[in-house]
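One structure is given below, encoded as structure tokens.
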Amino acid sequence: MTPPVRSSPPAWRARGALLGRRAAATAVDYAAVAVPLALLAVLQVRRGRTGRGSGGARVRVLVAVALTVPVTCGLAAAEATGGTPGKRLLRLQARGRDTQSPPPYAAALLRTALKTAIPWELAHQGVWDLQEGRKRGAALLACAYAALAAQAVMICTPSGRTYPDLLAGTTVAGRD
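Sequential numbering from 6 applies to the sequence shown in the numbering used here.
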């Protein structure tokens, strides 16, 4: 049996730099999403629609349909056409199975749903449940954080791919 091959220190440094750029790209993308969220929150506060009961079923569905779905579809479209704003800024690109071109929209949508939409919606549901005094909110928040933690752990795999990358058949690499 052949012993595992260890990467040289320069390879680990390069991988660490890529991971840092990926994290920064995600932060840029999420900051771009946070602006409309902040505006919605300000509108809600001005209308006096905060506090207990603000996470009713209608509001929960409205947030998913009016915010999560369009943002997810928009980020996926950006991935399928060369990269999200954060990836473009940091000279990264999600790539499809051929590892040379952007992923097809279906793969980009799956990747974005696993990376962003599902943890995001679990967190929304958890926050609303906690706000309304329901116990399951903590469990939903824990699920969202577990999904994010699993993504972080997968980054540390030898392939350097997250679970959304593995399931969608994508990779993230620096642009030439």
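The beta-carbon is built from N, C-alpha and C at its ideal position, and this holds for glycine as well.
Quick caveat, the model's predicted, so the values are computed rather than measured.
Those residues which DSSP pairs with residue i across a bridge
i	result
T176	R100
Selection from the options that minimises the alpha carbon distance to residue i
i	options	result
L115	E137, L172, V132	L172
G179	A83, A81, D34, R96	R96
K120	R166, G138, A46	R166
P75	A147, V38, R100, L23	V38
W125	S106, R141, A151	A151
A63	Q130, G174, L135, A149	The sequence as given places Arg at residue 63; Ala does not occur at that position. Comparing Cα-Cα distances from R63 to each of Q130, G174, L135, A149, the minimum goes to Q130.
P108	L80, L135, W133, G25	L80
Residue i burial status per 10 Å Cβ neighbour count (16 or more: buried)
i	result
S13	With a pLDDT of 49 at S13, under the threshold of 50, the modelled position of this residue cannot be trusted, and the question is left open.
V66	exposed
G91	buried
T104	exposed
V70	exposed
A46	exposed
V177	buried
Q98	buried
L42	exposed
P163	exposed
R68	Just to set this straight, residue 68 is Val in the shown sequence, not Arg. With 16 or more Cβ atoms within 10 Å of its Cβ, V68 is classed as buried.
A4	Only positions 6 to 181 of the chain appear in the structure, and residue 4 is not among them; the question remains open.
G88	buried
L127	buried
R102	exposed
Three-way DSSP call (helix, strand, coil) for residue i in this model
i	result
S13	Its pLDDT being 49, under 50, S13 is placed unreliably by the model, and nothing is read from it.
T167	coil
Q105	coil
E126	helix
G88	coil
L95	coil
G25	helix
G131	helix
A111	helix
G79	helix
K120	helix
R51	helix
Residue i: CB within 8 Å of a non-hydrogen atom of the ligand PLP
i	result
R166	In the structure on display, the ligand PLP does not appear, and there are no ligands present to speak of.
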